[in-house]
Amino acid sequence: MPANEMSSPSHDEIREYLHRQMLSSVSHDLKTPLATIIGSLEVMTLLDGKLSEDKRKTLVSSALTEAFRLDYFITNILDMAKFEADAVRPRFESAHLGQMIQDSLSRLGPLKTRGELEITPVGTHDEIVTDPMLGARAIGLVLHNAFKFGSRKAQKSRGKEPPLVEVAYGMKDGYGFVRIRDHGEGIPDDQQVAVFDKYTRLQKSDQQAAGTGLGLTICQHIMRLLHGRIELANHSEGGAVFTLIYSDNRKP
Numbered sequence: 334m335p336a337n338e339m340s341s342p343s344h345d346e347i348r349e350y351l352h353r354q355m356l357s358s359v360s361h362d363l364k365t366p367l368a369t370i371i372g373s374l375e376v377m378t379l380l381d382g383k384l385s386e387d388k389r390k391t392l393v394s395s396a397l398t399e400a401f402r403l404d405y406f407i408t409n410i411l412d413m414a415k416f417e418a419d420a421v422r423p424r425f426e427s428a429h430l431g432q433m434i435q436d437s438l439s440r441l442g443p444l445k446t447r448g449e450l451e452i453t454p455v456g457t458h459d460e461i462v463t464d465p466m467l468g469a470r471a472i473g474l475v476l477h478n479a480f481k482f483g484s485r486k487a488q489k490s491r492g493k494e495p496p497l498v499e500v501a502y503g504m505k506d507g508y509g510f511v512r513i514r515d516h517g518e519g520i521p522d523d524q525q526v527a528v529f530d531k532y533t534r535l536q537k538s539d540q541q542a543a544g545t546g547l548g549l550t551i552c553q554h555i556m557r558l559l560h561g562r563i564e565l566a567n568h569s570e571g572g573a574v575f576t577l578i579y580s581d582n583r584k585p
């Protein structure tokens, strides 16, 4: 058949392709941390009493890190199912952006210890009406990516070593904002729309875990529910900048 007569993939074919991609993604991301957890516990069991304290602590730390990672993957999968079923309803109340950032950090587990974090308030007012739990969840999803993909190597190649992740927050034109910048390689222009699609993974080096590809999709769902939005740009000096813009949902 001539190339110009080839038919486009049908809706069912596209759905089947996405389904296979999803199964592959979920299978890999659940098996990898499980293998580390099981391996660490097996070594501790088989060599009980023979391991040095340092080796035991290393194995426990490795298992705990992967347990947090597994919890993150499963939470994202369950949250995505809730959003697709239209089962999430925001509860609006008074909230402070600074507290939402702190709440999001408390849920990051070992990730937040991998690099420095600089938080800068812009102005003195940060109170809005939103759903603080969903708002903090959105911040946490972006911070998770920033810590994971922020790169000391990229920083040093530019002759600088600022904090691995920079967060600024405040109010502008009646909206609340949280701006999160990492110092990684940035996101290519031709991937900046697709990065919010479900199960999309950026092409990263072998040393970087790509993740399930759900975090930014969930974040976008949350921001829409909160009548806000998420914006993405690359910083002129390197790294990606995500800005979460929160509507102040006060009744008129």
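Residue numbers are given in my numbering: position 150 of the sequence shown equals residue 483, and the series is strictly consecutive.
The beta carbon of each residue, even a glycine, is placed where N, CA and C say it ideally should be.
Short of 8 Å in beta carbon distance, which residues of its chain neighbour N582, apart from the five on each side in sequence? Order them along the chain. Counting from one through the sequence shown, the residue named residue 582 turns up at place 249. The residues are F425, I461, V462, T463, L559 and H560.
Check the C-beta distance from G431 over to Y508 and give it rounded, since I have them as a contact under 8 Å. Reading the sequence shown from its first residue, position 98 is the one you call residue 431. Reading the sequence shown from its first residue, position 175 is the one you call residue 508. Wrong, their Cβ atoms sit about 16 Å apart, outside the cutoff.
Among K481, F510 and G548, nearest to G572 - alpha-carbon criterion: The residue you call residue 572 lines up with position 239 of the sequence shown. The shortest C-alpha separation from G572 is found at K481.
For M504 and D459, which I take to be in contact (beta-carbon distance under 8 Å), what is that distance rounded to the nearest angstrom? What you label residue 504 is simply residue 171 of the sequence shown in a count that begins at 1. What you label residue 459 is simply residue 126 of the sequence shown in a count that begins at 1. 7 Å between Cβ atoms; contact.
Could you tell me which residues DSSP pairs with H429 in its beta bridges? Counted from its first residue, the sequence shown places residue 429 at position 96. BP columns for H429 point to E460.
For R512, list the residues DSSP reports as bridge partners. In the sequence shown, the residue the question calls residue 512 occupies position 179. DSSP lists A501 and T576 as partners of R512.
If the criterion is Cβ atoms closer than 8 Å, does the pair A400 and I370 meet it? Against the sequence shown, residue 400 aligns to sequence position 67. Against the sequence shown, residue 370 aligns to sequence position 37. Yes, the pair counts as a contact, with Cβ atoms nearer than the cut-off.
For A471, count neighbouring C-beta atoms within 10 Å of its own C-beta (all shown protein chains included) and say buried if the count is 16 or more, exposed if not. Position 138 of the sequence shown, counting from 1, holds the residue named residue 471. Classification for A471: buried.
Do the segment 515–530 and the segment 562–571 meet, that is, are 3 or more Cβ pairs less than 8 Å apart? Contact between the segment 515–530 and the segment 562–571 is established, with three or more Cβ pairs separated by less than 8 Å.
Can you name the start and end residues of the beta strand (DSSP E) that I472 belongs to? Looking up residue 472 in the sequence shown gives position 139. Premise fails: I472 lies in the alpha helix (DSSP H), P465 to F482, not in any beta strand (DSSP E).
Secondary structure at A566, three-state DSSP: helix, strand or coil? The residue given as residue 566 occupies position 233 in the sequence shown. Strand at A566.
To the nearest angstrom, how far is the alpha carbon of M433 from that of L379? For the purposes of this step, residue 433 is taken as the residue at position 100 of the sequence shown. For the purposes of this step, residue 379 is taken as the residue at position 46 of the sequence shown. About 44 Å.
Starting from L450, follow its DSSP beta bridges and name the residues at the other end. Residue 450 sits at position 117 when you count from the first residue of the sequence shown. L450 is bridged to V498.
Please return the same chain residues whose Cβ sits closer than 6 Å to the Cβ of P366, not counting the five positions on each side in sequence. Here residue 366 corresponds to residue number 33 of the sequence shown, with the count starting at 1. So the list reads E399, R402 and L403, once near-sequence residues are dropped.
Rounded straight-line distance, which links the Cα of F575 to that of I563: On the sequence shown, position 230 is the one that residue 563 refers to. On the sequence shown, position 242 is the one that residue 575 refers to. Distance between the alpha carbons of I563 and F575: 7 Å.
Can you tell me whether DSSP reads V455 as helix, strand or coil? The residue you call residue 455 lines up with position 122 of the sequence shown. Residue state, collapsed to three classes: strand.
Excluding sequence positions up to five away, which residues of its chain have a Cβ less than 6 Å from the Cβ of A368? As a working mapping, residue 368 is identified with position 35 in the sequence shown. Cβ neighbours of A368 beyond the five flanking positions: none.
Starting from I520, trace the alpha helix (DSSP H) both ways and give me its first and last residue. Here residue 520 refers to the residue found at position 187 when the sequence shown is read from its first residue. That residue, I520, is in no alpha helix (DSSP H); it is neither H nor E in DSSP.
Nearest-angstrom Cα distance between G456 and L363? Along the sequence shown, read from residue 1 onward, the residue named residue 456 stands at position 123. Along the sequence shown, read from residue 1 onward, the residue named residue 363 stands at position 30. Approximately 42 Å, taken between the alpha carbons.
Distance check for L474 and Q540, CA to CA, integer angstroms please. Position 207 of the sequence shown, counting from 1, holds the residue named residue 540. Position 141 of the sequence shown, counting from 1, holds the residue named residue 474. Low local confidence applies: a pLDDT of 45 at Q540 is under 50, so the model's placement there is unreliable, and no value is given.
Touch check for the segment 385–395 and the segment 403–423: three-plus C-beta pairs under 8 Å? Contact between the segment 385–395 and the segment 403–423 is absent: fewer than 3 CB-CB pairs across the two stretches fall below 8 Å.
So what does DSSP say about R422, is it helix, strand or coil? Counted from its first residue, the sequence shown places residue 422 at position 89. Residue state, collapsed to three classes: coil.
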